[in-house]
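Here's the structure we're looking at; comments come further down.
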Amino acid sequence: MMKTAILAALAASAAAFAPAQTGKATTALNAFENELGAQPPLGFFDPLGLLDDADQERFDRLRYVELKHGRICQLAFLGQITTRAGIHLPGQISSSEGKLFSDVGDGWAGSFDVPVAGALQILAFVGFLELAGWKQAEGSFPGDFSASGFPVGFLGDYDEEEKLRKRAIELNNGRAAMMGILGLMVHEQLGGSVPIVGEL
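Start counting the sequence shown at 9; every next residue gets the next number (our numbering).
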């Protein structure tokens, strides 16, 4: 299983360096090449053709999912670095088992140390946020949860150009975090040491 995952990761990374095919541009490229996120050095990047013959609704849905996964991966990456630095929540994760937060392992292996009741609570909380908590603002850009009952949105009074710049930064940071947490998970299975994170 691990060898298959490593081979898949190697094949995907090798495909990223394959020469670009030249030829007639698709309608998807023409339709979405000026969207937020189509920026240097890659420009519009859709190697799997997910936007071939796609409309704006499909693009917005994929962008929403990309932002959501990017936000989750930013938290996951920070969680990896924080727990591996020895910083844990104080107290017990399970009073019935007498298990402390510091008893939970680091990284992917730590997910199996969380008691079942705790994992179900996490799942229920995330489900609540997904179904009832975070509300996409109607007619706004994907990932705008300002219609939520929670305090979300831009902090500060920015003009439209600055908001667009900050959205591009978030998108790029999310993309980097998705690759970063994937890399950490692969290295955790391989073992060894990674700069900043330390011994895996």
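Beta carbons: idealized from backbone N, C-alpha and C, even for Gly.
Owing to the predicted nature of the structure, the values given are computational and were not obtained by experimental measurement.
Does the beta-carbon of residue i have 16 or more other beta-carbons within 10 angstroms, so that it is buried, or is it exposed?
i	result
Phe53	exposed
Ile101	buried
Phe40	buried
Gln129	exposed
Ala84	buried
Ile177	exposed
What residues match up with residue i in a beta bridge as DSSP calls it?
i	result
Glu211	Outside the modelled stretch of the chain, which goes from 9 to 208, sits residue 211, for which no answer is possible.
Ser102	Lys107
Gln47	Gly51
Glu207	Ser201
Measuring only the C-alpha atoms, how far is residue i from residue j?
i	j	result
Arg66	Ser110	43 Å
Phe133	Asp165	31 Å
Gly106	Gly118	17 Å
Pro150	Gly51	19 Å
Arg183	Gly78	6 Å
Gln209	Pro123	Here the chain covers residues 9 to 208 and nothing more, so residue 209 does not appear.
Thr91	Asp114	6 Å
Leu58	Arg69	11 Å
Asp60	Val73	17 Å
Ser103	Glu196	29 Å
Trp142	Glu168	23 Å
Leu137	Ser154	14 Å
Ala125	Gly135	15 Å
Leu198	Gly157	43 Å
Gly200	Pro98	28 Å
Please list, in chain order, all residues of the same chain as residue i whose beta carbon is under 8 Å from its beta carbon, the five residues on each side excluded.
i	result
Leu172	Leu44
Gly188	Cys81 and Phe85
Leu75	Pro150, Gly151, Glu178, Leu179 and Gly182
Using a Cβ-Cβ cutoff of less than 7 Å, which residues in the same chain neighbour residue i once the five nearest sequence positions on both sides are dropped?
i	result
Gln82	Asn181, Gly182 and Ala185
Thr96	The sequence shown places His at residue 96, rather than the Thr named in the question. Counting only Cβ-Cβ distances below 7 Å, and skipping sequence neighbours, we find Phe109 and Ser110.
Verify the contact flag: residue i, CB atom, against every heavy atom of the ligand SAH, threshold strictly below 7 Å.
i	result
Gly57	For the structure depicted, the ligand SAH is absent and the ligand set is empty, with no information on it obtainable.
Does residue i come within less than 8 Å of chain B when only Cβ atoms are used?
i	result
Gly188	Absence of chain B from the displayed structure is noted, only one protein chain being present.
Q) Residue ranges of each beta strand (DSSP E) run of no fewer than 3 residues wholly in the segment 104–179, ordered along the chain? A) As far as the segment 104–179 is concerned, it has no whole beta strand (DSSP E) run of at least 3 residues.
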